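Going by full-length UniProt numbering, the sequence shown wraps up at 172, each residue one higher than the last. Since the structure comes first, as structure tokens, the remarks are kept for the end.
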Amino acid sequence: MPVTHSNFNGLQVQNICNLAILPLKTKTKGPAPPQSEGEDIIDEALTAFKANVFFKNFEVKGNADRLLVYVTLYISQALLKMPNLKKGDAEKQLFALAIENFALPGDKNFALGGIVTNPANRGETDTIRQYLTQIRQETGQRLLQKVYANGDAAPDKWWMCFNKRKFLNKNL
Numbered sequence: 001m002p003v004t005h006s007n008f009n010g011l012q013v014q015n016i017c018n019l020a021i022l023p024l025k026t027k028t029k030g031p032a033p034p035q036s037e038g039e040d041i042i043d044e045a046l047t048a049f050k051a052n053v054f055f056k057n058f059e060v061k062g063n064a065d066r067l068l069v070y071v072t073l074y075i076s077q078a079l080l081k082m083p084n085l086k087k088g089d090a091e092k093q094l095f096a097l098a099i100e101n102f103a104l105p106g107d108k109n110f111a112l113g114g115i116v117t118n119p120a121n122r123g124e125t126d127t128i129r130q131y132l133t134q135i136r137q138e139t140g141q142r143l144l145q146k147v148y149a150n151g152d153a154a155p156d157k158w159w160m161c162f163n164k165r166k167f168l169n170k171n172l
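Structural data, given as structure tokens:
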């Protein structure tokens, strides 16, 4: 089974650190352009997560693929935060995870250091931090909807069985 690549590769969008700044369906503040309908990168990552998480290699075909890899790694990290939690507690955990201080491109411990570039200036650093925070918050909200689709008492076992998988043998 081949890895799922992003359908957003090749779009003419702003790129920072070789990550595409794609439109998002979100109410969370940030630099992402608004999108009103259709699938965005977060929907794409959630849909492809269960298939992609098994891969140890990923051929990057564009800047949207780099963002897809980042979102997939974030979903893996988020799933580790919610085993045996009720939805309200998991929501608090994921919000805290989304806004915590995390590694950015250019940091030595950034998980995608080999496939992204360093920010060119302080403005790019601030923009990529805001964009990734926006992505992390929106991904957490949508992941909660999927993981707790069958009720608020416990997470869905068919999502939680993937929490030990390491996509590309990396962690964020």
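Cβ atoms here follow ideal geometry from the backbone N, Cα and C, with glycine treated the same way. Here the structure is a predicted model, which is why all the values come from computation and not from measurement.
Residue span of the alpha helix (DSSP H) that contains residue i, given as start and end
i: tyrosine 74; result: 63 to 80
i: arginine 129; result: 122 to 147
i: glutamine 93; result: 87 to 99
i: aspartate 43; result: 41 to 52
Proximal residues to residue i (C-beta, below 7 Å), its chain only, five neighbours per side dropped
i: methionine 160; result: Leu79, Pro83
i: methionine 1; result: Because methionine 1 carries a pLDDT of 49, less than 50, the predicted location of this residue cannot be relied on, and the following value inherits that uncertainty. Once the five neighbours on either side are set aside, the close Cβ partners of methionine 1 are Ala51.
i: threonine 127; result: Ile16, Pro31
i: glutamate 44; result: Ser6, Asn7, Leu68
Cβ-based burial, residue i [other Cβ within 10 Å; buried from 16]
i: serine 36; result: exposed
i: glycine 137; result: The question names glycine, yet the displayed sequence has glutamine at residue 137. When all chains shown are included, glutamine 137 counts as buried.
i: alanine 64; result: buried
i: isoleucine 75; result: buried
i: threonine 47; result: exposed
i: glycine 114; result: exposed
Nearest candidate by alpha-carbon position, reference residue i, set the options
i: valine 13; options: Glu39, Phe167, Ala45, Pro23; result: Pro23
i: alanine 154; options: Thr117, Glu124, Lys92, Leu85; result: Leu85
i: isoleucine 41; options: Val71, Ile115, Arg122; result: Val71
i: residue 178; options: Phe110, Tyr148, Arg129; result: Not covered by the structure: residue 178. The range shown for the chain is 1 to 172.
i: glutamine 134; options: Pro34, Phe8, Asn9; result: Pro34
Presumed contact (8 Å Cβ cut-off) between residue i and residue j, rounded CB distance
i: glycine 140; j: leucine 112; result: Not confirmed; about 19 Å, so no contact.
i: threonine 117; j: asparagine 18; result: 5 Å
Residues near residue i in its chain [Cβ-Cβ closer than 8 Å; skip 5 each side]
i: leucine 95; result: With the sequence shown as reference, residue 95 is identified as phenylalanine, and leucine is not the correct amino acid for it. Cβ neighbours of phenylalanine 95 beyond the five flanking positions: Gln137, Gly140.
Heavy atom of the ligand GDP within 6 Å of residue i beta-carbon
i: aspartate 40; result: No copy of the ligand GDP appears in this structure; indeed no ligand is present at all.
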